[in-house]
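K.L.:
Going by the UniProt record's numbering, the letters in the sequence shown line up with residues 1 to 332, in that order.
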Amino acid sequence: MEQLKQKLKELGNPYHLLELDDKKHHSKKDIKSAYKAMALKYHPDKNSSDDAQERFHKIQLAYKLLSDPEQMKQLEEIKQTTFDQQKRVDEMNTTQRKFYDDLLKREQEFKEQEEERKKQQMKDLLKRHEKQKEREQERQEEEKQRQQQKEEKIRQELSNQEFHSKINSIKVKWSKKDKVQYNEKILNMQFRQYGPIKHITILDSKRRAVIEFLTATAAENAAKENSTQNNSDSSDNENEELQIQTHLKVKFLLKEKERKEMINLIEVKTKEANKPKDMSLNTNNLNKIADILSRGSISKDQRKNIINSSVSELKRQQEKKKYIEESLQKDD
1 MEQLKQKLKE
11 LGNPYHLLEL
21 DDKKHHSKKD
31 IKSAYKAMAL
41 KYHPDKNSSD
51 DAQERFHKIQ
61 LAYKLLSDPE
71 QMKQLEEIKQ
81 TTFDQQKRVD
91 EMNTTQRKFY
101 DDLLKREQEF
111 KEQEEERKKQ
121 QMKDLLKRHE
131 KQKEREQERQ
141 EEEKQRQQQK
151 EEKIRQELSN
161 QEFHSKINSI
171 KVKWSKKDKV
181 QYNEKILNMQ
191 FRQYGPIKHI
201 TILDSKRRAV
211 IEFLTATAAE
221 NAAKENSTQN
231 NSDSSDNENE
241 ELQIQTHLKV
251 KFLLKEKERK
261 EMINLIEVKT
271 KEANKPKDMS
281 LNTNNLNKIA
291 DILSRGSISK
301 DQRKNIINSS
311 VSELKRQQEK
321 KKYIEESLQK
331 DD
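#1: Within the same chain, show all residues whose beta-carbon is closer than 6 Å to that of Leu214, passing over the 5 residues directly before and after it, in chain order.
#2: In angstroms with no decimal places, state the Cα-to-Cα distance between Trp174 and Arg208.
#3: Suppose the cutoff is 6 Å on Cβ atoms and the five residues either side in sequence are ignored; what does the same chain contact list for Ala222 look like?
#4: Mind the definition here: the segment 49-59 touches the segment 2-18 only if three or more C-beta pairs lie below 8 Å; say whether that holds.
#5: Helix, strand or coil for Asp332? Go by DSSP, reduced to three states.
#6: Grouping DSSP H, G and I as helix and E and B as strand, with all else coil, what is Glu19?
#7: Measuring CB to CB, does Asp30 end up less than 9 Å from Lys79?
#8: Might you give, ordered along the chain, the residues of its own chain that have their beta carbon closer than 7 Å to the beta carbon of Lys46, omitting 5 neighbours on each side?
#9: According to DSSP, which residues form a beta bridge with Lys173?
#10: Nearest to Lys24 by alpha carbon, out of Phe83, Gln3 and Asp50?
#11: Excluding the 5 residues flanking residue 334 on each side, which residues of the same chain have their C-beta closer than 8 Å to its C-beta?
#12: So what does DSSP say about Ile244, is it helix, strand or coil?
#13: With a Cβ-Cβ cutoff of 9 Å, do Ala218 and Ile167 count as a contact?
#14: Indicate the three-state DSSP secondary structure (helix, strand or coil) for Lys255 in the structure shown.
#15: Rounded to whole angstroms, how far is the Cβ of residue 333 from the Cβ of Gln74, which I believe are closer than 8 Å?
#16: Taking the alpha-carbon positions, what's the Glu143 to Glu134 distance?
#17: Tell me whether Thr215 sits in a helix, a strand or coil according to DSSP, three-state version.
#18: Ser165 and Glu220: beta carbons closer than 9 Å?
#19: Under the rule that 16 or more other beta-carbon atoms within 10 Å means buried, what is Ala37, buried or exposed?
#20: So His57 is in the alpha helix (DSSP H); what residue range does that whole segment cover?
#21: With a threshold of 8 Å on Cβ separation, who are the neighbours of His43 within its own chain once the five nearest residues in sequence on each side are excluded?
#22: So is Arg259 buried or exposed if we call it buried at 16+ other beta carbons inside 10 Å?
#23: Just how far apart, CA to CA, sit Thr94 and Asp102?
#24: Here's the rule: buried if 16 or more other CB atoms are within 10 angstroms of the residue's CB, otherwise exposed. What is Tyr63?
#25: Name the residue from Glu2, Glu70, Gln60 and Glu76 whose alpha carbon lies nearest to the alpha carbon of His26.
#26: Under 9 Å between C-beta atoms, does Thr81 make it to chain C?
Right, dumping it as structure tokens:
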């Protein structure tokens, strides 16, 4: 019955919707006849008023309710209860009626206060939600700034010089069985034939060294030639220098395939940088470079930052060249 009361609260009096007197008894035929008349009157195809569609929908619900025997039984009980309450009110004397009216008034005031309290709770909840949202946005912005500062610091630390240093370097490794005590002097004599050497770092505990040349070509020649000699038969060596070569294992600091692809892509970027009218850099190529670097000996983030730093430098060179050319044109 509570469900029906809630439905009536939303729908209204079903008899009144069909323009029937709720104080009288009506047969199924009377209800059906009233429904047809009201449905025809408020059908959206027949009635163009603003509330026609809503009214037509309520008429359908009212007819459905009044056609259901179970709901009709409950409806009659509700009608009788309402009638009895009204009868008692009508029979009240002045004092009782005043008390009853005051009670209804207080109940109404309580309902209004309760509704206002709920509205205020909702406002407070929305306000807290907005504050939380603002704090979260501030936190995300601060995190974003910290990340940008961190990335900028990495870009500054990993300069182009370090980037090219890795391309221009080779790794040299020897066995503990070797009788030669490798040092910077011996390695310099061994590898200077391929080009000027910038720096040699010897890691005694690991029996290996890193040799950095001034050019990538020198590093490439050194790695390739010594790799070929390492694969040859060492039994025909005729002098001590060749004996040293056959006992050394030489590789690029970066993987050879990755190094080649990376150098080719850098050359493409350099050519693009030399075109004053073409200030855009191909994102696919940059991503490809970063992907190549991510498989190397340093972390993926570091390699991407190195590439970003290189690209920024290329852009600055482009802008500088464009400015110089425009200045020369003005002078002409």
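Glycine included, every Cβ here is placed at the ideal spot set by N, Cα and C.
P.N.:
The answer reads as follows:
#1: Pro196 and Lys198
#2: 6 Å
#3: Ile170, Phe191 and Tyr194
#4: yes
#5: In this prediction, Asp332 scores a pLDDT of 47, lower than 50, which makes its location untrustworthy; no coordinate-derived value is stated.
#6: coil
#7: no
#8: Leu40
#9: Arg208 and Lys249
#10: Phe83
#11: Past the edges of the chain, shown from 1 to 332, lies residue 334, and the structure says nothing about it.
#12: Note that Ile244 scores a pLDDT of 45, beneath 50, so its modelled location is shaky; the value from the coordinates is reported in the next line. In the structure shown, Ile244 sits in a helix (DSSP, three-state: H, G or I).
#13: no
#14: coil
#15: A question about residue 333 goes unanswered here, because the residues of the chain that appear run from 1 up to 332.
#16: 14 Å
#17: coil
#18: no
#19: exposed
#20: Ala52 to Leu66
#21: Ala52 and Phe56
#22: buried
#23: 12 Å
#24: buried
#25: Glu76
#26: Considering every chain present, this structure includes no chain C. It has just one protein chain.
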